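Colleague: Counting from 1 along the sequence shown, just add 8 to a position and that's the residue number in my numbering.
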Amino acid sequence: MDVLINVFVATHVIGVAALLGGWLTQLKSLKTGDVRIVPAMVHGALVMLVTGFILTGLNEADDVELNHTKLTVKSVVLIAILVMVYLKRAEERVAKGYFLAIGLLTMANIFIATTWT
9 MDVLINVFVA THVIGVAALL GGWLTQLKSL KTGDVRIVPA MVHGALVMLV TGFILTGLNE
69 ADDVELNHTK LTVKSVVLIA ILVMVYLKRA EERVAKGYFL AIGLLTMANI FIATTWT
C-alpha cells in the first residue's frame, strides 16, 4: 500500500507543479495584461483533485488518522481553482485580479498542505 500511496503523492506533486508552473509562466505577461489560462493549469488542477481524493481513500483504507477539516478546506479551495481555470480556459485574456486570485489560492492551498498540522 505504501508504494501505491507514494506513487499518488508524486502524481499529486506533479499536478501542483503544473498548476503553479503554468501560472508562473504567465507572470511576465501580467504587465501587459495579456495573461491567459494555459492548459497546464487546467490539467494540473484536475490531476490534483483526482489524486487528492484517491490519496484520501487510500490513507483511510490504510487506517491513517486524517484531518478531515484540513482535507475539506483544501478540497474546497482546489475546486474553486479548478472552476476558475476551467471557465476561462478558452479566453485570450483574463483579468489581472482574476489571474492573481488563482495564483494566491494555489499558494494558499500549498501552505495549508504543508503548515496545517
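Glycine included, C-beta positions come from ideal geometry on N, C-alpha and C. Please read these numbers as outputs of a predicted model, since none were measured by experiment.
(1) What residue does the alpha helix (DSSP H) around G41 start on, and which one ends it?
(2) Starting from E99, trace the alpha helix (DSSP H) in both directions and tell me its first and last residue.
(3) Under a three-way DSSP split, which group does D10 fall into?
(4) Leaving out five residues on either side along the sequence, give the residues of the same chain with a beta carbon under 6 Å from the beta carbon of M9.
(5) Which class does L74 belong to by DSSP, given the choice of helix, strand or coil?
(6) With 16 other CB atoms within 10 Å as the buried threshold, where does W31 fall?
(7) Would you check if the distance between the CB atom of G60 and the CB atom of L74 is smaller than 9 Å?
(8) Measuring alpha carbon to alpha carbon, tell me which residue in T125, F119, I13 is nearest T64.
(9) Have a look at A18 and R44 and give me their C-alpha separation to the nearest angstrom.
(10) Do three or more CB pairs link the stretch 76-93 to the stretch 102-121 at distances below 8 Å?
(11) Please classify K104 as buried or exposed, where buried requires at least 16 other C-beta atoms within 10 Å of its C-beta.
(12) Quick check: the Cα distance between V15 and H76, rounded to an integer number of angstroms?
Modeller: Straight from the coordinates:
(1) Where G41 is concerned, there is no enclosing alpha helix (DSSP H), given that its DSSP letter is neither H nor E.
(2) E99 -> no alpha helix (DSSP H), and no H or E assigned at all.
(3) helix
(4) These residues qualify, in order along the chain: D70.
(5) L74: coil per DSSP, three-state reduction.
(6) With 16 or more other CB atoms across the displayed protein chains lying within 10 angstroms of its CB, W31 is buried.
(7) For G60 and L74, no; Cβs fall outside 9 Å.
(8) I13
(9) 27 Å
(10) yes
(11) exposed
(12) 22 Å
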